[in-house]
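See structure below.
Number of protein chains: 2
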Amino acid sequence: MDTLTIGQLARAADVGVETIRFYERRGLLAEPPRRPSGYRQYEPEAADRLRFIRRAKELGFTLDEIGELLALRARPTENRDRVRAAASAKIDDIERRIADLEQMRGVLARLVSACEERSEHADAAMSGCPILEALEPRADRTSRTAEDAQ
Amino acid sequence: MDTLTIGQLARAADVGVETIRFYERRGLLAEPPRRPSGYRQYEPEAADRLRFIRRAKELGFTLDEIGELLALRARPTENRDRVRAAASAKIDDIERRIADLEQMRGVLARLVSACEERSEHADAAMSGCPILEALEPRADRTSRTAEDAQ
DNA sequence: CTTGACTCTGTAGTCGAGTACGGAGTGTAG
DNA sequence: CTACACTCCGTACTCGACTACAGAGTCAAG
Chain A
73 MDTLTIGQLA RAADVGVETI RFYERRGLLA EPPRRPSGYR QYEPEAADRL RFIRRAKELG
133 FTLDEIGELL ALRARPTENR DRVRAAASAK IDDIERRIAD LEQMRGVLAR LVSACEERSE
193 HADAAMSGCP ILEALEPRAD RTSRTAEDAQ
Chain B
73 MDTLTIGQLA RAADVGVETI RFYERRGLLA EPPRRPSGYR QYEPEAADRL RFIRRAKELG
133 FTLDEIGELL ALRARPTENR DRVRAAASAK IDDIERRIAD LEQMRGVLAR LVSACEERSE
193 HADAAMSGCP ILEALEPRAD RTSRTAEDAQ
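If you're matching them up, the sequences are chains A and B in order.
Read in this note's numbering, the first sequence has 148 at position 76, and its numbers run on one by one without any break.
Read in this note's numbering, the second sequence has 84 at position 12, and its numbers run on one by one without any break.
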């Protein structure tokens, strides 16, 4: 027997049974043939397709994008450019996200080290860890009349 | 007049009116005093608090985490260590995310360039852009009998 | 005084990617 | 033949962070 039930497929691809049906509804997975009982019968390659989906998700593609990728895959050579373009766009996207995260990390790192310095010569007990204060004033401050107990 | 209506505050902090009420429900924003009519009356500092929230969100904190941060802020000096610890944990988190994204980018970049090479000496028309194929086999392959037109 | 913009409350909808559940039918090992 | 695991379908729920809406009341300008 070289077809799989949905549960066997789920174990093979390490996803949930419900996830497989969900992908089918979303059009990411073709409807497989059925046994007379209605049970889905998958070929082992279905697990590859599921792994493809998982891998693409890990690479930051949304399910919609993955659907497009799978559609392109059907006719590969003529769509090479489009696949390449999609991947390039995704790279740009990823680079933006990396840059954002690096900026965040920089800000937090500065604040943590500033905070540590203060802790060491523990005199300035009157001023808190600068992390919180530093978060507040984003670039150009709007008018501040000083003097206000919230 | 130095109090703001919710709409003025929303414009000042560049968030939606509904968002402000949502933050209030979530406990991120204290309930402000009201006019007899029930209208909320905000001090200008409320805009700082909203900017704090926005900034922290940009830094990757969830609203729950921001709530904790704001709670810690109330008693700053005694909580310095905890604030610092929270920020450090967030840095670790950010670094993990950066590493993941860099890996994704690496994979995609390799695939795109491999694809470009093929396009140049455009002989291998039989094999598609390797992006799609390369996505599939995740590390150790499970049995593949070759030969299958899906 | 009227008009129109604003605000109030409470509830419901959105998006993405699933996950859970109920009730019925099926496959199979012992 | 009887358990019991598995599968079917459809619907509803989850999470996070909002966003929209209905219907009523309020404020300020002209």
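Yeah, the Cβ is synthetic: ideal placement off N, Cα and C, and Gly gets one too.
Going along the chain, which residues of its own chain have a beta-carbon closer than 8 Å to the beta-carbon of residue i, five neighbours each way excluded?
{"i": "Gly88(A)", "result": "Ala82"}
{"i": "Gly139(A)", "result": "Arg98, Gly99 and Leu100"}
{"i": "Gly79(A)", "result": "Val89"}
{"i": "Thr77(B)", "result": "Tyr111, Arg112, Gln113 and Tyr114"}
Mind listing the chain A neighbours of residue i? Cutoff is C-beta to C-beta under 7 Å, in chain order.
{"i": "Lys162(B)", "result": "Leu180"}
Can you list, in chain order, the residues of its chain with a C-beta nearer than 7 Å to that of residue i? Leave out the 5 residues immediately preceding and following it.
{"i": "Arg123(B)", "result": "Ala85"}
{"i": "Tyr95(B)", "result": "Leu101 and Ile125"}
{"i": "Thr75(A)", "result": "Gln113, Tyr114 and Glu115"}
Using a cut-off of 9 Å between C-beta atoms, extract the partners of residue i located in chain A.
{"i": "Leu76(B)", "result": "By Cβ distance, chain A contributes nothing, its closest Cβ being about 11 Å from Leu76(B), past 9 Å."}
Does the beta-carbon of residue i have 16 or more other beta-carbons within 10 angstroms, so that it is buried, or is it exposed?
{"i": "Lys129(A)", "result": "exposed"}
{"i": "Arg168(A)", "result": "exposed"}
{"i": "Asp228(B)", "result": "Absent from the structure is residue 228(B), since the part of chain B shown begins at 73 and ends at 222."}
{"i": "Tyr114(B)", "result": "buried"}
{"i": "Arg182(A)", "result": "exposed"}
{"i": "Tyr55(A)", "result": "A question about residue 55(A) goes unanswered here, because the residues of chain A that appear run from 73 up to 222."}
{"i": "Arg145(B)", "result": "buried"}
{"i": "Arg156(A)", "result": "buried"}
{"i": "Ala171(B)", "result": "exposed"}
{"i": "Ala161(A)", "result": "exposed"}
{"i": "Arg223(B)", "result": "Examination of residue 223(B) is not possible in this model, given that chain B is present from 73 through 222 alone."}
Report the neighbours of residue i on chain B: residues whose CB is nearer than 7 Å to its CB, in chain order.
{"i": "Arg169(A)", "result": "Leu173"}
{"i": "Ala159(A)", "result": "Leu180, Leu183, Val184 and Ile203"}
Give me the Cα-Cα distance between residue i and residue j, rounded to the nearest whole angstrom.
{"i": "Leu101(A)", "j": "Ile92(A)", "result": "8 Å"}
{"i": "Gly178(A)", "j": "Ser109(B)", "result": "46 Å"}
{"i": "Leu180(A)", "j": "Met176(B)", "result": "24 Å"}
{"i": "Ala143(B)", "j": "Pro104(B)", "result": "17 Å"}
{"i": "Leu141(B)", "j": "Ser185(A)", "result": "18 Å"}
{"i": "Asp153(A)", "j": "Glu137(A)", "result": "16 Å"}
{"i": "Glu174(A)", "j": "Ala158(B)", "result": "17 Å"}
{"i": "Arg127(A)", "j": "Arg127(B)", "result": "32 Å"}
In chain B, what lies closer than 9 Å to residue i by C-beta?
{"i": "Ile166(A)", "result": "Leu173, Glu174, Met176, Arg177 and Leu180"}
In chain B, which residues lie less than 8 Å from residue i when you measure between Cβ atoms?
{"i": "Gly132(A)", "result": "Leu173 and Met176"}
If I measure Cβ to Cβ from residue i and keep anything under 6 Å in the same chain, skipping five residues before and after, which residues do I get?
{"i": "Ala118(B)", "result": "Leu81"}
Check whether the region 153 to 168 of chain A touches the region 129 to 140 of chain A, counting contact only when three or more Cβ pairs, one atom from each stretch, lie closer than 8 Å.
yes
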